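Step one of this worksheet: look at the structure below.
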Amino acid sequence: MSSSTLSTILFAVFVAFTLVLVFRAGRSTKKSSDFYDGGGSFSGFQNGLAIAGDYMSAASFLGIAGTIALFGYDGFLYSIGFLVAWLVALLLIAEPLRNSGRFTMGDVLAFRMRQRPVRGAAATSTLVVSVFYLMAQMVGAGALVSLLLGITDPGAKSWIIGGVGILMIIYVTVGGMKGTTYVQIVKAFLLMIGAILLTFMVLWTFHFNVSELLGAAAEKSGKHEAFLQPGLKFGKEILDPTSGLVDAGKTLISKLDLISLGMALVLGTAGLPHILIRFYTVPTAKAARKSVNWAIGNIGAFYLMTIALGFGAAALLSRTNLFRGYKADVTGCLIDAKGAPIVDGAAACTHLENVANLSADAKKLLVPIDPSGNVAAPQLAEFLGGGAGTTGGAIMLAVIGAIAFATILAVVAGLTLASSSSFAHDLYANVIKRGNVTQEKEVRVAKISAMVIGAIAIVLAIGAQSMNVAFLVAIAFAIAASGNLPAVLYSLFWKKFNTRGAVWAIYGGLGAALILLVFSPNVSGAETSLLKLSEVGFRFDYFPLANPGLVSIPLGFFFGWLGTVTSNERNTQKYAELEVRSMTGAAIGKAAVH
Amino acid sequence: MGSSEQDRVWAETQASPEFQDLKRKFRGFAFPLTVAFLAWYFLYVILTAFAREWIATPVIGNINIALVLGLLQFASTFLIMWLYERHSSKNLDAASEKIRDKVDKELAK
């Protein structure tokens, strides 16, 4: 049996199992509000696993392992930022949020403000952050489809991604928060098992000697000690092309970009709407705290294992395999979809490195493969099982591939739930209908918007680019940290904060992040940009950093402050209520009287 | 109970010494700790950006200072989680539940 058949079967088993859970959850959902918070009845341990399941996305499993495999130490920076970020959620956000909100991030932001402007802003930023995050997950899904099922035909790939999207819509609309939570728990469990298995096999290969593993990775990478040090990807020393000396200005910018990334990672988590609403699924603040503790334990253990996965892939897989942008055989000759060498004129073999020299006709035969390292982890699994073409290799590839698919599916479901909740509860019920809507109607709107958002995710996925998943997620984190975190923190802890402050904090931070992104090298000015310089011939990369966080996060805080002090609105009375509620959990789950 | 009476309960609770004490115990612990872990994290990030030579120094075998510092970030995260859990369960939970019960009782009147 080939690995693609086996992979499909394993994934089908996962889907069948989770569908049963979801339909049972759907049946036991009595109140319509259960759609949003799963009845608020999960335990701290269950929710901790579900948080881990919601958080450890394709970026963690595929993106970080891939970045470490390609660039060594620098990939590990993601792991550290993604973990330390949980302390912000633990110390400042989880408990007060559970105590003072009900269904969405907007609940807390709008608590003592004028409802319509604040909820409108909260819904906007929830949708923007979630769509960026969804895009990252879907890029991961596309990369996996090609590797696991050997499907490179864009048409067939689109069908599969469409299928994944439809499944996710079913999870969300039938199971609501309860069903989605079960899917997250199952997925977190599977992901941990898969990571432990791979880590164990990697360490076994290197006699449980981490130094030996690192040494082998450094050797194989061809970069030697530099592979184990920061600097191959982030904060590079940039040389002046004419003099060959270090260009001090450009080098400084490259280092500031590293700090910007670090800032976005550590401050982004506590601004992610799909993570924030998970705190509503437990009954008390104490349970919310316990669930963060469990999540930190799980997530921390997993990110420690990314060292073994990433450096293991670097040490064991061939570099051409990791870096290839097109399908090639073991000797590096480019091959077509059927596995035959691409013959170009007189040359029977064209090496990967010379792909640019191929004639236009021969280029049509190329089979593109994700060059950004997103498939390093599944490739490592195949190698550890015995290599390509062996039964063991096929089984391992299938198992890890199915887990990676489950990972993506679960995260995508969580994101869709967060955005449809916010759309229905903040935008539809409170902005459009001004609160005059039955809960049944509100949930129906949530389900319809889940379908629409699911459809958007499918379309984005089909048009997905070959960008590294971890990088795309880092952008989503920067937007969340700029648009959401300042407003959430001010709301909970600053007495003077008011409607204008909240609206300016959200739109100011969000707008700054998005505008800086448009004028960054991500979009124009380089060969790696969305608009390739050589293809479009113009550039507007006036902002030099790839990650906007360093500028846009302080701007979010600044706009929140500025809006607050320029407006006379003070709501001391409602702040008294918010403060007592958030610290004690009094009147928990009951909406504030407006 | 009318809305203005509810407002009175919230305001009186907020002004009460028990609540102010709870708030001080929470903020006095969580805020400095947040500043501390963020400073420690940014120190690490800044070192990886600007102290490349020092951070590349090997410690044992192929394990260098950069990796050790990274692992220490993991260790400090687990430590802070444990410290906060201990502080909350010892000094905050009971006081907060007591105020909650009192407020809920007054609101139900």
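Chains as they are written, first to last, in numbering that gives the first Met the number 0: chain A, 0 to 593; chain B, 0 to 108.
Every residue gets a Cβ at the ideal spot worked out from N, C-alpha and C, and that includes glycine.
These numbers were taken from a predicted model, which means no experiment stands behind them.
Note that the C-beta distance between Ala-135 (chain A) and Val-468 (chain A) is below 9 angstroms. Counting along the chain, Pro-16 (chain B) sits inside the alpha helix (DSSP H) bounded by residues 16–49. Distance check between Ser-42 (chain A) and each of A:Ala-361, A:Tyr-279 and A:Leu-530 places A:Tyr-279 closest, using alpha-carbon atoms only.
Straight across, the Cα-Cα distance linking Gly-392 (chain A) with Ile-399 (chain A) is about 11 angstroms.
Distances from the CA of Val-209 (chain A) to each of B:Glu-52, B:Asn-61 and B:Lys-101 were compared; the closest alpha carbon is that of B:Asn-61. Near chain B, meaning a CB-to-CB distance below 9 angstroms, the residues of the region 65–82 of chain A are Tyr-72, Asp-73, Phe-75, Leu-76, Ser-78, Ile-79, Gly-80 and Leu-82. A direct Cα-Cα distance of roughly 14 angstroms separates Ala-286 (chain A) from Leu-90 (chain A). Taking 7 angstroms as the upper bound on Cβ-Cβ separation, chain A lies near residues Gln-72, Phe-73, Thr-76, Phe-77, Ile-79, Met-80, Tyr-83, Glu-84, Ser-87, Asp-92, Ser-95 and Ile-98 of the region 71–98 of chain B. A distance of 9 angstroms or more separates the beta carbons of Thr-415 (chain A) and Met-176 (chain A).
For Ile-50 (chain A) and Asp-360 (chain A), the gap between their C-alpha atoms comes out near 49 angstroms. In the assembly as shown, Tyr-541 (chain A) is an exposed residue. Its beta-carbon has fewer than 16 other beta-carbons within 10 Å. The Cβ atoms of Asn-297 (chain A) and Ala-403 (chain A) do not sit closer than 9 angstroms to each other.
Just so you know, the alpha carbons of Asp-100 (chain B) and Ile-587 (chain A) end up roughly 11 angstroms apart.
As the crow flies, the alpha-carbon of Leu-383 (chain A) is around 40 angstroms from that of Leu-516 (chain A). The shortest C-alpha to C-alpha distance from Thr-125 (chain A) to any of A:Arg-115, A:Ala-247, A:Met-104 and A:Val-138 is the one to A:Met-104. Residue range 57–59 is occupied by the beta strand (DSSP E) that includes Val-58 (chain B).
Per the coordinates, the alpha-carbon of Phe-310 (chain A) lies some 43 angstroms from the alpha-carbon of Asp-106 (chain A). Excluding five sequence positions before and after Ala-417 (chain A), the CB atoms of its chain that fall closer than 7 angstroms to its own CB belong to Thr-125, Ser-129, Pro-272, His-273 and Ile-276, given in chain order.
Between the alpha carbons of Ile-92 (chain A) and Met-582 (chain A) lies a gap of roughly 11 angstroms. Counting along the chain, Leu-212 (chain A) sits inside the alpha helix (DSSP H) bounded by residues 209–220.
Collapsing the DSSP output to three states places Pro-553 (chain A) in a helix. As summarised for the region 229–287 of chain A, there are no continuous beta strand (DSSP E) elements at least 3 residues long confined to that stretch. Non-local beta-carbon contacts of Thr-47 (chain B) in its own chain, meaning distances under 7 angstroms to residues more than five positions away in sequence, involve Ile-54 and Ala-65 in chain order.
Looking at the DSSP output, His-350 (chain A) bridges to A:Cys-332. Taking the Cα positions, Asn-63 (chain B) is about 24 angstroms away from Leu-251 (chain A). For Gly-60 (chain B), a Cβ of chain A is located within less than 9 angstroms of the residue's own Cβ. Membership of Tyr-574 (chain A) in the alpha helix (DSSP H) is indicated by the continuous run 571–583. Just measuring C-alpha positions, the residue of A:Met-137, A:Tyr-302, A:Gln-114 and A:Ala-445 sitting nearest Ala-74 (chain B) is A:Tyr-302. With fewer than 16 other Cβ atoms inside 10 Å of its own Cβ, Val-19 (chain A) counts as exposed.
Counted as a single uninterrupted DSSP element, the alpha helix (DSSP H) harbouring Tyr-506 (chain A) occupies residues 498–517. Look at Pro-543 (chain A) here: in three-state DSSP terms it is coil, with no helix or strand label. Under the 9 angstroms criterion on CB atoms, Ala-38 (chain B) is classed as non-interfacial with respect to chain A. Annotation: Ile-59 (chain B) to Gly-214 (chain A) spans about 12 angstroms, alpha carbon to alpha carbon. In the DSSP assignment, Trp-81 (chain B) falls within the alpha helix (DSSP H) that extends over 64–86.
The alpha-carbon separation between Gly-386 (chain A) and Pro-340 (chain A) amounts to approximately 21 angstroms.
Following the DSSP letters along the chain, one finds Glu-105 (chain B) inside the alpha helix (DSSP H) bounded by residues 92–107.
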